[in-house]
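Heads up: take any position in the sequence shown, counting from 1, add 13, and you land on our numbering.
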Amino acid sequence: MKGISNLSRVTGKEHDQISRFLLGIIIDIRLPNNLSPVRLLTAVRGILDFVYLAQYPMHTDETLSLLEDALDSFHANKAVFVDLGIRSEFNLPKLHACKHYVMYIKFYGTTDNYNTEYTERLHIDLAKEAYRSTNFKNEFPQMTLWLERKEKIFCHEKFIQWRLDGCPAPLVVETLHPGIIYERQLVMPKFPTVKSVKISRLVDAYGAKYFRKALVEFIVHHSNPTFSLAQVEAASQSIHLPFNVVAVFHRIKFTTPDPYAAGGTINSVVDAVHVQPAHQSHSQHIPGRFDTVLVNNGNGGLTGVEGKAKMSQYFRAHHDILLGYRVAQVRVVFSIPAASLHNLFPPTISPPKHLAYVEWFSPFSSEPEPHHLLYKLKPSYKNGERLCSIIPVANIRRSIQLLPKFGPVAPKEWTSSNVLEQCPVFFANSLGDRHLYATII
């Protein structure tokens, strides 16, 4: 395969997915004649920043200035593609149109006004179904009449239902104001994926090596939030878990309200975290999948990786974390058996219903790496073992993709199922989607 330029019949959605990892695969690329990759990284980052900023559903003078700066950064470094023999010139209509985006946004509003994604469903309801109702000859008058009758039937149906409900007063419709990002709602399944999993299997199949120790420390810390690390470790010695099995969940979902729905009552699933061990499916071996997530360590805000954390002395000493957010890999999502809660927690303490066993990555640095502007992360260790703990699932903000630091040549033994264990250095992919791009800034 000679790159992605020769791909045909690529959809817009597929182009969007390709753009998410383009930067990650060229970070350590070896250029001909020992050419420095700085201009290449800066140019690619610049055009990707432009694409993501242009999709903002609202703009300020600051974001429009960032949009111009991103395009200027690309133009200042695009000559690297000529030096590499990739292009001879940049006389591209789409590229020329980019310099008019700021003017268009100021005159006509944000770019989602030109997006057909929101009206795509209407094409099915108002065109395809209407056409099928005709005799396929002189169809437009027939389609118009069909739509008119359908609308009248719909209105009459709503009127009848209103009378049957006792003629209530009209509902006050509240619409969501435009925002760069909307708060996501965590949604857990009503029932566990597996009702009973032995703790020994959590260690072997899920990789939760220190599950018992982490759970005991969580119980002590949650019951005594002011305890120091030494006090938590001492108190943990006297805790006995009165159970050997827990209920396990293999997926966490996040929803967000549709800002274009009346009242903002329609929620759609926009993100999911998969936590499932290797298993057999139709005689086929399916590798385990344990996703990485962005965890709110303290008082992390809607945007940025820093914040003012409100943490106990134990948590700060045990995890050596910065304020705000931190990346972790989820190994198990579970619930403590309800029958054992009164034996483990004081009656005045209400423990979280859903918990997660996670393995931590290094905290975010104060600044991202130069040129490509991605944060570098490494698996966190303590005394030679992976740093792990149990946290409330409610602390998980969303999923996050980690890009391996491939080096000049990607190791062939790395696969999607083992790269998180074998690769020593990663980059947090802030280009994973529009929500993540606006979050990690």
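For each residue, glycine too, the CB sits at the ideal point set by N, CA and C.
In this structure S375 is buried. Its beta-carbon is surrounded by 16 or more other beta-carbon atoms within 10 angstroms. At the C-beta level, V229 and F347 stay beyond 8 Å of one another.
Taking 8 Å as the cut-off, the beta carbon of P45 is found no closer than this to the beta carbon of L108.
Looking at the DSSP output, W373 sits in a beta bridge with A341. In the structure shown, R264 falls within a strand segment according to DSSP collapsed to helix, strand and coil. Cα atoms of P300 and D85: separation of roughly 44 Å, rounded to the nearest angstrom.
For secondary structure counted as the alpha helix (DSSP H) over 4 or more consecutive residues, the stretch 77-140 holds these complete runs in sequence order: 92-96, 106-111, 114-121 and 133-136. Remark: C-beta atoms of I413 and Y370 do not approach each other more closely than 8 Å.
In the DSSP assignment, C401 forms a beta bridge with E372. Around the beta carbon of K165, fewer than 16 other beta carbons lie within 10 angstroms, which makes this residue exposed. Put simply, the backbone Cα of I60 is about 44 Å away from that of L160.
Going by C-alpha positions, D82 is about 28 Å away from G337. Residue environment for C436: buried (at least 16 other C-beta atoms within 10 angstroms of its C-beta).
Here I232 is buried. Its C-beta has 16 or more other C-beta atoms within 10 Å. Taking the CA atoms as reference points, G311 sits about 12 Å from P405.
Boundaries of the alpha helix (DSSP H) harbouring S249: L242 to S249, taken from the DSSP string. For N309, the pairing in a beta bridge is given by DSSP as Y338. Per DSSP, the beta bridge partners of A441 are Y388 and L415. T305 places its beta carbon 8 Å or farther from that of F262.
Straight-line spacing of the CA atoms in M116 and S78 works out to 12 Å.
K211: member of the beta strand (DSSP E) spanning V207 to K211, first to last residue.
The residues P364, in chain order, have a CB closer than 7 Å to that of L354 in the same chain once the five nearest residues on each side in sequence are set aside. For L158, the closest C-alpha among the options E142, F172, E170 and I173 is that of E142.
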